[in-house]
């Protein structure tokens, strides 16, 4: 009887030991499962952080690209501004030159007008004087014609020759004056038209 009891006690101890080990194994398994769950959660968090970092890197790259694009656009606008400013300065300089040229033309036009006016007055005066001289000479010739004699004919012929010379000089003076007038008009015309208009006239 003693042997079976001891055997049963031994079996009971072994059963208790097995149960304790099972309990420990279950506890260890539970701990391992908990550790595995925590590790999986950490890995998931790390992957989520990696995804966020990747998204942030993409956003950063896109921002850098936009910054470079804006910088290039600013440089392009600055270049266009500099070009426009240069063109404005050139146009302003050309405008000042045109205004000064117009003033010079106006002064030249006024001067030529005065010269033309003086020229007309001189021509009219010369014509009047020569008409009066011719009229006086004709009247003198008609008066002397009534008492002509042989010696008077010679004097009349001489006077006629003198009058012809006066007429020739008058014709030459008038021709010279008209030629001068034509030159003045041509100079005035050339001074009033622009170089572009001259080119158009020459090409046509």
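Numbering (the working numbering), first residue to last: 248 to 451. A virtual CB, placed ideally from N, CA and C, is assigned to each residue, including glycine. All figures in this text were calculated on a predicted structure; none of them were measured in a lab.
Exercise for the section: Taking the CB atoms as reference points, tell me whether residue 366 and residue 428 lie closer together than 8 Å. Expected result: Result yes, Cβ atoms of residue 366 and residue 428 sit closer than 8 Å.
Handout entry: Neighbourhood of residue 380 by C-beta, 8 Å cutoff - its chain only, sequence neighbours within 5 removed
Key = Counting only Cβ-Cβ distances below 8 Å, and skipping sequence neighbours, we find 413.
Practice task
May I have the straight-line CA-CA distance separating residue 327 from residue 350, to the nearest angstrom?
Solution key: Residue 327 and residue 350 have their C-alpha atoms spaced approximately 34 Å apart.
Problem - Neighbourhood of residue 336 by C-beta, 7 Å cutoff - its chain only, sequence neighbours within 5 removed - result: Residues of the same chain with a CB within less than 7 Å of the CB of residue 336, apart from the 5 flanking positions on each side, do not exist.
Problem - Beta-carbon gap between residue 431 and residue 358 smaller than 8 Å - result: No, Cβ-Cβ distance for residue 431 and residue 358 is not below 8 Å.
Handout entry: Alpha-carbon spacing of residue 253 relative to residue 277, whole angstroms
Key = Taking the straight line joining both Cα atoms gives about 35 Å.
Exercise for the section: Could you tell me the distance, in whole angstroms, from the CA atom of residue 262 to the CA atom of residue 275? Expected result: Rounded to the nearest angstrom, the two C-alpha atoms are 19 Å apart.
Practice task
Confirm, please, whether the CB-CB distance from residue 369 to residue 417 is below 8 Å.
Solution key: Between residue 417 and residue 369, the C-beta gap is not smaller than 8 Å, which leaves the two residues out of contact.
Practice task
Rounded to whole angstroms, what's the CA-CA distance from residue 514 to residue 269? Just pull it up for me.
Solution key: The chain is shown from 248 up to 451; residue 514 falls before or after that span and cannot be answered.
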